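In our numbering, the protein residues as written are 3 to 173.
For every residue, glycine included, the Cβ atom is placed at its ideal position computed from N, Cα and C.
All values reported here derive from a predicted model rather than from experimental measurement.
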């Protein structure tokens, strides 16, 4: 079988880049629209066991801490393990406010998922609360970011195949 070589010109590459630029940038709002369910949260005066039960029952790894409709923190499974289990504290007697991350970094609905990925990577976060003004409207997780990366890769592969099969040199 003969190998087919294809030489791409600067014009061809420019057309390919233009087609990739037409892929809309995913926003936090877009990612939240694909998620189901309500925002899982507890109050800071509730016990850690309640936060853990919420995580278990809702198959999530973190819950927001909201007091009087105001985001005051986030608590993760890791927080519970490191700040409660390891020191030998009782999850039934330890308030969430003692182990949560207070004043968490947040994102807005119009922020781009790519920026969330960069923030998560740089700061070591797996969850970012989403605020619309002062109102909590959701959480973006590392899983949401990975799904977006996969979606974009699939779109890029589709564009490349279309370019090679139809528009490319020798096509």
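| Check | Outcome |
| --- | --- |
| With 16 other Cβ atoms within 10 Å as the buried cut-off, status of residue 54 | buried |
| Validate contact between the segment 102 to 115 and the segment 133 to 143 using beta carbons, cut 8 angstroms, 3 pairs | yes |
| Per DSSP, the bridge partner or partners of residue 114 | 29 |
| Residue range of the alpha helix (DSSP H) that includes residue 99 | 98 to 101 |
| Closest residue to residue 102 among 87, 46, 63 and 28 (Cα-Cα distance) | 46 |
| Test item: CB-CB of residue 44 and residue 98 under 8 angstroms | yes |
| Coarse secondary structure for residue 90, derived from DSSP in three states | coil |
| Rounded straight-line distance, which links the Cα of residue 42 to that of residue 124 | 25 angstroms |
| Spatial neighbours of residue 147 in its chain, beta-carbon cut-off 7 angstroms, leaving aside the 5 residues before and after | 115, 118, 119 and 122 |
| Bridge partner(s) assigned by DSSP for residue 72 | 69 |
| Rounded separation between residue 72 and residue 138 - CA only | 8 angstroms |
| Option nearest residue 60 by Cα separation, candidates 28, 49, 74 and 79 | 79 |
| Where residue 104 falls: helix, strand or coil (DSSP) | strand |
| Euclidean distance between Cα positions of residue 58 and residue 155 | 32 angstroms |
| Cβ neighbours of residue 48 in the same chain (closer than 6 angstroms, five flanking residues each side left out) | 98 |
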